[in-house]
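Numbered by mature numbering (1 follows the signal peptide of the UniProt record, and there is no 0), the letters in the sequence shown go through residues -21 to -1, 1 to 330 in order.
Glycine residues also receive a C-beta, built at the ideal position from the N, C-alpha and C atoms.
Structure record follows, encoded as structure tokens.
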Amino acid sequence: MIYKYFIVFLLILLYTDNIKADSINNGNITLHIIGSSILTFGDIYHAVADDFELHKKELGLENVKLDMTVFSSENITFDIADYESVIDSLLAKNTKKYDIFTYDPLYIEKYSENFMDVKDLVPKEHLELYSHGDAKKTCVNSKNEWIGLPFFQKYTTLFSNKPLLDRYNKTVPETWEELLETGKYIQKQERELHNNNDLIIYNGMYTPLNALPSVYEFIYSYRDKPDDGFPGFDSEAAVEAVEMYKKLKKEISSDDIYHVDEPFIIGTLMRGEGLFIKIWDTPNENQHEKYYITTVPGKKEGMHTALTTSINLGVNKYISEDRKKVAIKVLEYLTSERIQKEIVVKGFKLY
């Protein structure tokens, strides 16, 4: 049934492909942006749309209105891979329905055919904001083309259940060994004292999209010193990491939990039914009240790790030249220093 609803939703999007394409009336332009909020980032789209309405005159875009189409678990049941399928289907038709797409940089090479290289289209001083560190890594492809700009970055974090840790006088684990021992202890107590057999102790985040990066991250957490590089798959560190990986799965998790999809884990997080949940950072304030939010543990104290990615904004190649000019201006606005500081960082605690 879920699959049926997803197909219907996809068909509606494809059938109405030309409805929005020419959204220019009497000099007014409605710019269409499509995004995904599977990981609870939905409100940020509406926040920037509201801010844009307040400031568009000073931006010289008073005739522009933003229209946001946001996929979320609240309006349809699907996962991140489904969002990518929708994007693929739209772009395969050279769609003009949407002007700006959000996308996972994992697919930057694929979408290079569909999104504009903005390197020479935005001011150099603006591009300079993203020319260093992780930001550049996520939006520049193998041809040195800037396939859009990052809207915000995501990092893996460990959510440790405050009520449960406090109930048993335990602290947030600094090492994998501590996580294992604390997890075993609380699991035993919860089962014996409260008949709680449904508590998820640790999930690992080895979902289809994140399995390989999570393996890299886990092995990297077994390096000797904080500044050391990746130890290598044939290293002693990798052997130790694999042993702990197996131990964690066998003693406080399972193969099913290791590979469960992200919407399920987000639901577990929201309901407070997990002890140690590894997932992307979330702007949801309720989670900051329910959980201690820290970096992912390591073999030794201070040997923390984190996966880094972003939600990128790509400008559709297939729209008209007039719309491209407006879309580039909106891209500048969305990735401006003010929006990044006031809304992305302060408002939603993203980076």
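Let me know the secondary structure DSSP gives residue 283 once reduced to three states. coil
Using the Cα positions of residue 181 and residue 237, report the straight-line distance between them to the nearest angstrom. 8 Å
For residue 134, report the span of its beta strand (DSSP E) as first-last. 128 to 140
Nearest-angstrom Cα distance between residue 326 and residue 158? 31 Å
Three-way DSSP call (helix, strand, coil) for residue 223 in this model: helix
Going straight from the alpha carbon of residue 278 to that of residue 214, what length do you get? 15 Å
Using only alpha-carbon positions, find the residue among 89, 40 and 257 that is nearest to residue 9. Checking every option, the nearest Cα to that of residue 9 belongs to 40.
Residues bridged to residue 291 [DSSP beta-bridge criterion]: 82 and 129
DSSP on residue 258, reduced to helix/strand/coil? strand
Report the start-end ranges of each alpha helix (DSSP H) in the segment 149 to 193 that is 4 residues or longer and not cut off at the edges. 155 to 173
Assuming residue 78 and residue 285 are in contact, meaning their beta carbons sit under 8 Å apart, how far apart are those beta carbons, in whole angstroms? Going by Cβ atoms, the distance from residue 78 to residue 285 rounds to 33 Å, so no, they are not a contact pair.
Quick check on the DSSP output: the alpha helix (DSSP H) that includes residue 89 runs from which residue to which? 87 to 90
For residue 48: DSSP bridge partner residues: 13
Within the chosen definition, does the segment 139 to 157 reach the segment 104 to 122 through at least 3 CB pairs nearer than 8 Å? no
Rounded to the nearest angstrom, how far is the Cβ of residue 219 from that of residue 201, given a contact under 8 Å? Right, the Cβ-Cβ distance comes to about 5 Å (below 8 Å), so this counts as a contact.
Boundaries of the alpha helix (DSSP H) in which residue 314 is found, first to last residue: Element bounds for residue 314: n/a, residue is neither H nor E.
State the DSSP-derived secondary structure class of residue 31, mapped to helix, strand or coil. helix
Quick check on this structure: which residue in 267, 283 and 186 has the alpha carbon closest to the alpha carbon of residue 244? 186
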